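*Asks:* Counting in UniProt numbering, the sequence shown runs from 1 upward without gaps. We put the CB at the ideal spot given by N, CA and C, even for glycine. Every value quoted in this text rests on a predicted model; they were computed, and no experiment measured them.
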Amino acid sequence: MELVTPGIGLIFWQTVTFIIVLFLLSKFAWKPIMNALHEREASIENALSAAEKAKLEMQGLKAENEKLLAEARMERDRILKEASDAANMLVETAKQKANEEGGRMIAQARESIENEKRAAITEVKNMAAALSVDIAERILRKELSNPQAQQALAQEYINEVTLN
1 MELVTPGIGL IFWQTVTFII VLFLLSKFAW KPIMNALHER EASIENALSA AEKAKLEMQG
61 LKAENEKLLA EARMERDRIL KEASDAANML VETAKQKANE EGGRMIAQAR ESIENEKRAA
121 ITEVKNMAAA LSVDIAERIL RKELSNPQAQ QALAQEYINE VTLN
């Protein structure tokens, strides 16, 4: 096989045609194609920067959400601690009131027992005094029924009175 060498005319016309096509493409197609490519590149860059901005914003929101969650947890813990402290204080106050009431009731019971004891002792003393008076009255009646015993008793009282 033999290689065909093109003629100078063919090369000339091909070169002229190429230059004309190149000129027409650069005049009418190249700028719009390049503008479209630049616009596409710019839109891709904008989309990437918007995505990066959105990513940073999401990280900020995530950090803010975590901060809010931490604050909410701290608030919950504080409220639970306050409620627990209030419950403990309420229980302690109730215990203290119960102890005070119990002490007061015991003191009242002791006082009541002491009062009843005094009343019983007073009643026993009154009964003993009444019994003693009754016995003395019976003895005196028996002894004073005899006139000589009356004289002796009167004389004995007189002697005691003059001696004192």
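#1: Residue ranges of each alpha helix (DSSP H) run of no fewer than 4 residues wholly in the segment 51-104, ordered along the chain?
#2: When DSSP labels each residue in this structure, what does S145 get in the three-state scheme?
#3: Output the distance between the C-alpha atoms of V91 and A83, rounded to the nearest integer angstrom.
#4: CA-CA distance, E45 and D85?
#5: Quick check: what's the CA-CA separation for R141 versus N115?
#6: On the three-state DSSP scale, how would you describe G7?
#7: Compute the Euclidean distance between the alpha carbons of A98 and N126, then round it to the nearest angstrom.
*Replies:* On the basis of the coordinates in this document:
#1: none
#2: The residue labelled residue 145 in the question sits at position 145 within the sequence shown. Looking at S145 - three-state DSSP - the assignment turns out to be coil, as it is neither helix nor strand.
#3: Position 91 of the sequence shown holds residue 91. Position 83 of the sequence shown holds residue 83. Each residue's alpha carbon lies about 12 Å from the other.
#4: Against the sequence shown, residue 45 aligns to sequence position 45. Against the sequence shown, residue 85 aligns to sequence position 85. Roughly 59 Å between the two C-alpha positions.
#5: Taking the first residue of the sequence shown as position 1, residue 141 is located at position 141. Taking the first residue of the sequence shown as position 1, residue 115 is located at position 115. If you take the alpha carbons of R141 and N115, they lie about 38 Å apart.
#6: Residue 7 sits at position 7 when you count from the first residue of the sequence shown. Looking at G7 - three-state DSSP - the assignment turns out to be coil, as it is neither helix nor strand.
#7: Numbered from its first residue, the sequence shown carries residue 98 at position 98. Numbered from its first residue, the sequence shown carries residue 126 at position 126. Taking the straight line from one Cα to the other gives about 41 Å.
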